[in-house]
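The block underneath contains the structure these notes are about, expressed in structure tokens.
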């Protein structure tokens with residue numbers, strides 16, 4: 041039974057958009073990842089994803105309306121700061137964008153592919169444990 | 041699509057050992073709770089639990105050996121500091137103890153009862169959302 045220190049694990053990550061697994065429970069993974077720049081627009085057919093900012097900040101962009109005041113199809117964004125999280129439900133088109141490097145804890149099913157329905161240069165089919 | 045600020049939600053909690061739900065994904069809940077003092081010894085038959093310290097510190101005590109150097113049945117403990125988490129697998133007898141108040145984020149299945157196999161004065165059968 042070991043504890044995991046988020047900062048220690050994050051210090052082992054020297055690239056961007058390449059999530060590493062740091063914990064597993066109930067068929068879900070806890071992952072750490074560093075964001076920088078814009079990611080790929082994508083969605084996940086069946087998996088909800090949680091993003092918790094450990095350090096830095098980023099914005100989550102959405103192509104779909106996320107409240108009643110939005111016109112359908114209007115792009116929206118939510119800025120996430122350290123100590124803030126959001127859940128992106130399955131089916132929702134999204135992309136994280138980090139103007140500066142952001143360090144993020146993810147909680148999502150073990151089956152989740154980082155680019156969801158898309159395969160491109162950001163896709164990491166098999167994640168490493170750190 | 042809304043973000044959740046952990047500190048804001050924690051400021052709404054004025055009691056101990058009473059987890060509140062702050063997020064849901066894939067049949068799992070994200071919960072916030074304040075620990076103070078010793079909790080009840082218990083285990084969960086089927087659910088793994090994750091504990092991430094947001095503020096303060098606490099120790100997780102175990103009745104079972106947690107490494108090869110331990111004699112079977114020896115009690116062990118792991119101290120958790122802010123930015124550190126651990127996963128307690130199902131079946132493992134444990135109790136959190138906080139000498140001073142600790143603020144903790146939990147990830148666990150929606151079905152998880154806080155006292156697991158035990159029903160006592162700490163049991164909270166139905167959790168509130170905040």
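Protein chains in written order, with our numbering: chain Z, 41 to 170; chain U, 41 to 170.
For glycine and all other residues, C-beta sits at the position ideal for the given N, C-alpha and C.
These numbers come from a predicted model, not from an experiment.
Spatial neighbours of residue 82 of chain Z in its chain, beta-carbon cut-off 6 Å, leaving aside the 5 residues before and after: Here the set comprises 155, 156, 157, 158.
Proximal residues to residue 67 of chain U (C-beta, below 7 Å), its chain only, five neighbours per side dropped: Shown here for residue 67 of chain U: same chain residues with a beta carbon closer than 7 Å to its own, the five before and five after excluded, namely 149, 150 in chain order.
Minimum Cβ-Cβ distance from residue 88 of chain U to chain Z less than 8 Å: Answer yes: the Cβ-Cβ gap between residue 88 of chain U and chain Z drops below 8 Å somewhere.
Alpha-carbon spacing of residue 56 of chain Z relative to residue 128 of chain U, whole angstroms: Going by the C-alpha atoms only, they are around 30 Å apart.
Option nearest residue 139 of chain U by Cα separation, candidates U:76, U:117, U:120, U:42: Relative to residue 139 of chain U, the option among U:76, U:117, U:120, U:42 whose CA is nearest is U:76.
Through-space distance from residue 164 of chain U to residue 132 of chain Z, alpha-carbon basis: Whole-angstrom Cα-Cα distance: 33 Å.
Rounded C-alpha distance that separates residue 31 of chain Z from residue 60 of chain Z: Absent from the model: residue 31 of chain Z. The displayed extent of chain Z is 41 to 170, so no value can be given.
Exposure label - residue 160 of chain Z; buried when at least 16 CB within 10 Å: Residue burial is scored here from C-beta neighbours: residue 160 of chain Z has fewer than 16 other C-beta atoms within 10 angstroms and is therefore classed as exposed.
When U:117, U:85, U:166, U:90 are compared against residue 102 of chain U, the one with the closest alpha-carbon: Nearest neighbour of residue 102 of chain U by Cα position, chosen from U:117, U:85, U:166, U:90, turns out to be U:117.
Test: residue 51 of chain U CB closer than 8 Å to a CB of chain Z: No, residue 51 of chain U does not count as interfacial toward chain Z.
Residues, ordered as in the chain, of the stretch 74-88 of chain Z that lie near chain U by beta-carbon distance below 7 Å: Here the close residues are 87, 88.
Neighbouring residues, chain U, relative to residue 124 of chain Z (Cβ below 8 Å): Correct list: 43, 44, 45, 46.
Same chain only: Cβ atoms within 7 Å of residue 152 of chain Z, ignoring 5 sequence neighbours per side: Result list for residue 152 of chain Z: 84, 87, 89, in chain order.
Selected residue, minimal CA-CA separation from residue 49 of chain Z, among Z:166, Z:72, Z:119: Nearest of Z:166, Z:72, Z:119 to residue 49 of chain Z, Cα basis: Z:72.
Chain-ordered neighbours of residue 59 of chain U on chain Z, where CB pairs are closer than 8 Å: Residues of chain Z with a Cβ closer than 8 Å to the Cβ of residue 59 of chain U do not exist, since the nearest Cβ in that chain sits about 16 Å away.
Beta carbon proximity, residue 98 of chain U to chain Z, threshold 8 Å: When Cβ-Cβ separations below 8 Å define contact, residue 98 of chain U makes no contact with chain Z.
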